[in-house]
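Protein chains in written order, with this note's numbering: chain A, 1 to 111; chain B, 112 to 226.
We put the beta carbon where it would ideally sit given N, CA and C, even for glycine.
Predicted model only: the values in this text are computed from it and were never measured.
What follows is a single structure, written as structure tokens, with notes after it.
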């Protein structure tokens with residue numbers, strides 16, 4: 001099964017800066033990768049899906065890259081806001097009908 | 112906006128008791144999932160369900176667990192004889208197509224506490 005590494009330390013940045021979060025995986029390259037946001041005590045909320053043949057995906061202030069050679073995905077939030085403070089989860093396919101989640105990186109955006 | 116609803120939001124049960132966690136997926140979705148998250152740990156896959164049968168399950172989903180879609184709207188997770196280590200947040204999710212094609216919508220979870 002996949003092993004996913006996300007930086008377990010919290011990321012603290014100033015409002016307006018770009019936040020960059022990293023997701024590394026160790027086994028086979030998945031056909032797709034997803035990013036979710038999770039607030040305390042709440043369920044994950046889907047943000048973006050990127051497939052193995054896509055290098056980059058954007059949605060408003062969010063950008064995801066997927067490098068199958070490095071076995072890494074980067075998740076960027078530009079012009080960050082305090083409301084972006086949350087835990088961000090990387091998730092990879094594990095079989096056709098399951099996701100394996102990373103432990104998440106907590107982002108704190110300071111006003 | 113359509114959403115996945117879960118009940119109850121919090122359930123406390125005695126060890127050895129049976130619990131049923133309930134979920135109402137989004138109405139036009141065809142794929143249903145249960146995940147769990149032990150406090151401070153990762154979200155873990157339990158089971159996926161499509162076309163009225165289990166399509167995948169994890170090692171966690173042993174004989175103590177079962178899922179059912181008793182009618183056209185509900186999707187339930189039953190734990191037959193709860194153990195202390197079953198204490199976790201249980202999330203139901205649904206999607207229009209499989210994870211490989213589209214986003215999954217997660218419910219707000221049921222916090223299960225086994226005492």
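- Message: Any beta carbon of chain B sitting closer than 7 Å to that of residue 106/A?
- Response: no
Looking only at DSSP bridge pairs, what is residue 42/A linked to? Looking at the DSSP assignment, residue 42/A forms no beta bridge with any residue, so it has no partner.
| query | Starting from residue 177/B and walking both ways along the beta strand (DSSP E), at which residues does that stretch end? | reply | 176 to 179
Going by the CB atoms, is the gap between residue 64/A and residue 57/A shorter than 7 Å? Contact flag set, yes.
Would you say residue 97/A faces chain B, with C-beta separation under 7 Å as the test?
-> yes
At which residue ranges does the region 1 to 56 of chain A contain complete beta strand (DSSP E) runs of 3 or more residues, listed in the order of the chain? 4 to 6, 11 to 14, 19 to 25, 32 to 38, 45 to 51
Taking DSSP as the reference, what is the three-state secondary structure of residue 195/B?
In the structure shown, residue 195/B falls within a helical segment according to DSSP collapsed to helix, strand and coil.
I need the boundaries of the beta strand (DSSP E) containing residue 213/B, first residue and last residue. Per DSSP, residue 213/B belongs to no beta strand (DSSP E) and is neither H nor E.
Requested in this report: Leaving out five residues on either side along the sequence, give the residues of the same chain with a beta carbon under 6 Å from the beta carbon of residue 132/B.
Outcome: If the five residues before and after residue 132/B are omitted, its C-beta is found closer than 6 Å to the C-beta atoms of 188, 201, 221, all from its own chain and listed in chain order.
- Query: By the 10 Å Cβ neighbour count, where 16 or more other Cβ atoms means buried, how is residue 151/B classified, buried or exposed?
  - Reply: Exposed is the call here.
Report task. Determine, using beta carbons only, whether residue 105/A and residue 7/A come nearer to each other than 7 Å. Result -> Taking a C-beta distance under 7 Å as the contact criterion, residue 105/A and residue 7/A qualify as a contact pair.
CA nearest to the CA of residue 84/A, picked from 33/A, 102/A, 17/A, 67/A = The option with the nearest alpha carbon to residue 84/A is 17/A.
Buried or exposed for residue 110/A, please, with buried defined as at least 16 other CB atoms from any protein chain shown within 10 angstroms of its CB.
Burial call: exposed.
(message) Buried or exposed for residue 128/B, going by 16 or more other Cβ atoms inside 10 Å?
(response) exposed
(message) Taking its Cβ as the centre, do 16 or more other Cβ atoms sit within 10 Å of residue 227/B, making it buried, or is it exposed?
(response) Nothing in the structure corresponds to residue 227/B, since chain B is present only between 112 and 226.
By alpha-carbon positions, which one of 156/B, 171/B, 177/B ends up nearest to residue 164/B? Measuring from the Cα of residue 164/B, the nearest candidate turns out to be 177/B.
Please name the residues in the region 45 to 71 of chain A whose beta-carbon is closer than 8 Å to at least one beta-carbon of chain B, in chain order.
-> 45, 46, 49
Within 10 Å of its beta-carbon, does residue 28/A have 16 or more other beta-carbons around it, so buried, or fewer, so exposed? exposed
query = Using the beta-carbon count (16 or more within 10 Å), is residue 82/A buried or exposed?
reply = exposed
message: Can you confirm whether residue 75/A, when its beta carbon is compared against all beta carbons of chain B, has any partner nearer than 7 Å?
response: Under the 7 Å criterion on CB atoms, residue 75/A is classed as non-interfacial with respect to chain B.
inquiry  = Beta carbons nearer than 8 Å to chain A: which residues of the region 201 to 221 of chain B have them?
reply    = 202, 204, 209, 210, 211, 213, 214, 215, 216, 217, 218, 219, 220
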